[in-house]
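Here is the structure:
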C-alpha cells in the first residue's frame with residue numbers, strides 16, 4: 003500500500019483531452035446570424051461553463067426555420083452541442099437520447115460528413131461515461147475512419163487520444179503509448195494536443211516503471227504549458243514530475259519540484275495545492291519524518307470528507323494510513339485505509355470492465371475492420387497506380403519513334419505491376435490468416451469457428467449424419483498461470499493446441515474460444531461412438547506431462563459432446579455442448595459427457611432456483627444459524643460458526659450444498675455473503691467478549707475487490723471488535739493465491755481480522771502452505787475426523803501431523819463433525835484443542851444458549 007501517487011496523471015488525461023477537443027466542434031450551415039452567434043457561444047462555453055453552453059445550444063435550436071438539408075444539418079448540430087453539454091453536466095440519459103436520434107439522422111442524411119464523424123466521437127465519449135468501453139471503441143474507430151476520409155487530421159488525432167484513454171482505463175499501457183504516439187504523428191502542430199500526448203505518454207511510462215522516460219515526457223508537456231501561459235497546467239504537470247522523481251528515489255529533486263509547483267499554485271492555481279502537499283507528505287514519510295508528513299496531509303485533506311473523496315486522492319489515503327499508524331492515531335489510519343480501498347476497488351472494477359469489453363471478440367472485430375478498411379484503401383490506391391502504369395505502357399507503345407525504348411520500358415513496368423499485385427495478394431492472404439486464427443495457438447479464432455459452425459447448422463436437416471461439436475476445457479490450468487507465470491501458461495496452450503491437432507486429425511476444425519476453452523467441429527460422418535472414442539484419446543493426450551521450459555507440467559481436460567441434429571440457432575447448439583461440458587466437470591473432470599435433453603431441463607431448474615434465490619433475501623427467506631465450537635480442555639464455548647439457511651416457499655428447506663454453488667455461479671454470493679456478515683456481526687456483538695465469530699468465505703468473495711470494505715463496514719456498523727471475527731477460508735483458495743488475493747488478506751489482517759483453514763484434508767492437504775499463512779485455527783474435515791475416530795491408522799496419522807504442526811505454530815485445531823462422545827475422546831487423545839458437531843450443538847437460529855452447550859459438553 004505504498005503511497006506512490008501513481009493515479010495523479012489519470013486525473014489530468016480527461017480535462018486536458020476535453021480542452022484539446024473543444025476547438026474541433028463542427029462547422030454548420032449558417033441559417034441566421036443569431037443562430038451562428040448562439041452556436042459560437044455554445045462552443046466557447048463548453049469547457050468553462052457547461053450550463054451556459056447548454057442554454058446557448060438549446061437557443062440555437064429554436065432559431066432554425068425550414069426543412070431543407072441546411073436547416074436539418076443546423077438542427078442536428080445544435081442537438082449535438084446540447085448533448086455534449088449534457089454529458090459535461092452528468093445528465094447522461096438525456097444526452098444519450100439526443101445523440102442516438104441525431105446520429106441516426108446524420109447517418110441517413112449526411113453520411114460521411116464531419117457532423118456525422120463528430121456525432122460518432124461524441125457517442126464514444128458518452129459510452130465511456132456509461133462504462134460501455136466496447137461500444138466506445140467501435141464509435142471512436144468509426145469516427146476515425148470518417149475523419150481520415152475527410153482529411154480532418156486534428157480531429158483524427160483527438161480520436162486516437164480518445165482510444166488511448168480507453169486503454170489507459172484498462173491499464174494496457176503499451177497500447178496507450180501506441181495510440182498517443184499515433185495521435186502526435188497525425189497532427190503535431192496543436193499545442194493542446196501535444197501537451198495531452200506528452201502528459202499521457204508520461205503517465206503510461208510511469209505506470210510501466212520507466213521513470214526516466216516518463217519524466218522526460220512530463221518535461222516536454224511542461225514546456226508546452228509554459229508556452230500556452232497556463233499556470234494551472236504548469237502546477238498539474240509539476241506535480242506529475244515530482245511524483246515521478248519521488249518514485250525513482252530522487253527525493254531532493256522531487257522536493258524542489260514540489261516547491262516550484264507550490265509557488266505557482268499559491269499565486270494562480272490554488273485548486274492544485276492539495277495534490278502538491280500530498281506528494282510532499284510522501285517525500286516526508288520516505289525520509290522518516292512522519293510528524294511533518296501528517297502536517298502536509300492535513301493540508302491535503304482539508305475540507306475533504308474521507309468517505310466521498312475522489313479517485314485523485316487514492317494514493318494519498320495510502321500514505322495517510324501509514325503516517326497515522328506510525329503516529330498512533332489508529333482511528334484516522336483506519337478511516338484512510340477504508341477510503342483507499344474504496345477508491346482502489348472502484349479503479350480495479352473500471353479496469354476489469356474496460357479490459358473485458360476491449361478484449362471481447364466483437365470489439366476486436368472492430369479493430370480488424372479498421373485494418374481491413376485501411377488495407378483496402380491502400381490496395382485501391384495501388385490498383386489505381388498500377389492501372390496508370392498500364393496506361394503508360396499503351397502510350398509508350400503508341401510512339402513509333404521510341405518503339406524500342408517503349409518495348410523495354412513496358413516490360414519493366416509490367417514486371418513491376420505483376421510483382422506488386424503478387425505482393426498485395428500475399429499481404430491480403432496474410433491478413434486473412436490473422437483474422438481467422440488465434441494469435442497464440444494458431445487455431446481458428448472464436449469468430450471464424452462460429453462462422454464455420456453457422457454454415458453447418460443451416461444445413462443440419464439435410465445432412466446424412468448429424469454433425470458433432472465438442473467443447474473442451476482444461477483442468478487445473480489456472481494453477482499453471484499462478485505457479486509458473488503467464489508466459490509458461492501461453493507456451494502450454496500452444497503445446498496443447500499441437501496435441502489437439504495431432505490427436506483429432508486434419509479434418510477436424512479446432513477453435514480457441516478464449517482462455518483455456520476450445521471447441522472442435524468433428525469430421526463429416528463421425529458417429530457419437532466414434533466421437534466418444536476421440537474424446538478419450540484427447541483426454542489421454544492432454545493428461546501426458548508437458549515440458550515447458552525447465553518445468554514438467556501436468557493438466558487435464560474435460561469434454562462436452564453434442565450432435566447438431568436439427569436446424570436451429572448456433573447459440574443453442576453451443577449451449578448444448580457447454581451443458582455437456584459442465585456435466586463432465588461436475589462428474590469429476592478428466593472425462594467426457596454427451597449432451598442429453600435432461601441436462602437442459604436441469605439447467606432450467608437451476609435457472610429457476612437462481613431466480614428464486616435472487617429474490618430470497620428481499621422476501622425474508624434467508625436466515626443465519628449458529629453452531630458452537632467448544633474447547634477440549636474445559637468444554638467452554640470459544641467460538642460460534644455462522645451458517646446461512648434458505649427456506650423456500652415451495653421447495654421447503656434448500657440445503658446449503660445445493661444453493662451455495664448456485665449463488666456462486668450466479669454471482670449472488672457476494673451480495674448474500676455481505677448480508678450474512680452484517681447480520682452475524684450484529685448478533686455476535688451481543689455475545690460475551692471472549693467468544694469469536696466464525697464466518698465461511700467463498701473464493702468469489704475473496705475475488706471481489708470491494709470485500710475489504712464489506713468487512714470493515716460490517717465491523718463498524720455492529721461495533722464488533724475485529725479480533726473477534728475469524729474468516730474461514732478453503733484449501734483451494736489458499737492454493738490459488740494470486741497477488742490481488744494476497745493484498746486483500748493483508749488488508750484484512752491489518753483490520754485485525756484472523757483466519758481459519760476450513761475442511762482441511764478434503765482437498766490437497768498440503769501442510770506447506772499452513773506455514774505461509776497466519777492462521778488462527780485449522781478445522782479438520784469431518785470425513786477425516788470420523789475415519790480417525792473409527793480407528794483408521796492413515797487418518798490418525800494425518801491428524802497427528804496436523805496437530806504437531808499446529809502446536810509448533812500455536813494454532814488451534816478443531817475436529818469437525820463430532821457426533822458422539824467416543825469420537826471426541828479419540829480426537830482429544832490425538833491432540834485436537836476444539837470440537838464442533840451435533841454432539842455439542844446443532845445449528846440454531848438466534849442467539850445460541852452457550853451455557854447449555856458448555857454444560858452438555860462437560861457432562
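In the working numbering, the protein residues as written are 3 to 861. Note that the Cβ used here is the ideal one computed from N, Cα and C, for glycine as well. Being a predicted model, the structure only gives us computed values, none of them experimental.
Residue 450 carries a helical assignment under DSSP once its states are collapsed to helix, strand and coil. Linking residue 216 to residue 139 through their CA atoms gives a straight-line distance of about 26 Å.
Take residue 578, set aside five residues on each side of it, and the residues of its chain with a beta-carbon closer than 6 Å to its own are 564 and 597, in chain order. For the region 277-314, there is no continuous beta strand (DSSP E) assignment of 3+ residues that stays within its boundaries. The closest CA to that of residue 452, considering only 443, 513, 172 and 340, is found on 513. By a beta-carbon distance limit of 8 Å, residue 676 contacts residue 712. Their separation comes to about 5 Å.
If you keep only unbroken alpha helix (DSSP H) runs of at least 4 residues inside the region 811-838, you get 823-831. Taking C-beta atoms as the reference points, residue 303 and residue 315 count as a pair closer than 9 Å.
A straight line joining the alpha-carbon of residue 603 with that of residue 610 spans about 11 Å. Ranking 210, 247 and 592 by CA distance to the CA of residue 221 puts 247 first.
Counting along the chain, residue 548 sits inside the beta strand (DSSP E) bounded by residues 548-550.
Looking at 51, 227, 464 and 475, the one whose alpha-carbon comes closest to that of residue 588 is 475.
In the three-state scheme derived from DSSP, where H, G and I count as helix and E and B as strand, residue 647 is classed as strand. Spanning the alpha carbons of residue 687 and residue 736 requires a straight line of approximately 29 Å. In the DSSP annotation of this structure, residue 692 is not part of any alpha helix (DSSP H), being labelled neither H nor E. DSSP places residue 630 within a strand segment (E or B) once states are collapsed to three. When DSSP states are grouped into helix, strand and coil, residue 513 belongs to the strand group. Residue range 777-782 is occupied by the beta strand (DSSP E) that includes residue 781, with no alpha helix (DSSP H) assigned at that position.
The DSSP assignment places no complete beta strand (DSSP E) segment of no fewer than 3 residues inside the region 186-269. Look at residue 522 here: in three-state DSSP terms it is strand. With respect to residue 164, residue 205 sits apart: the two C-beta atoms are not nearer than 9 Å.
For residue 670, same chain residues with a beta-carbon under 7 Å away, outside a window of 5 residues either side, are 615 and 616 in chain order.
Separation of residue 187 and residue 175 (C-alpha to C-alpha, rounded to the nearest whole angstrom) is 18 Å. The shortest C-alpha to C-alpha distance from residue 516 to any of 440, 814, 489 and 65 is the one to 440.
Approximately 16 Å separates the beta-carbon atoms of residue 828 and residue 803; this is outside 8 Å, ruling out the contact. Of the residues assessed, residue 488 falls on the exposed side of the cut-off, its CB having fewer than 16 other CB atoms within 10 angstroms. Secondary structure in the region 557-627: the beta strand (DSSP E) runs of 3 residues or longer, each lying completely within the stretch, are 558-566 and 594-596 in chain order.
Within a 10 Å sphere around the beta-carbon of residue 343 sit 16 or more other beta-carbons, which makes this residue buried. In the DSSP assignment, residue 641 forms a beta bridge with 631 and 694. A distance below 9 Å separates the beta carbons of residue 479 and residue 518. With a cutoff of 9 Å on beta-carbon distance, residue 255 and residue 230 are scored as not near each other. Taken through DSSP and simplified to helix, strand or coil, residue 668 comes out as coil.
In this structure, the beta-carbon distance from residue 755 to residue 782 does not fall below 9 Å. Counting only the Cα atoms, residue 805 lies some 8 Å from residue 832. If you compare the alpha carbons of 239, 272, 270 and 620 with that of residue 259, the shortest gap goes to 239. With at least 16 other beta carbons inside 10 angstroms of its own, residue 726 counts as buried.
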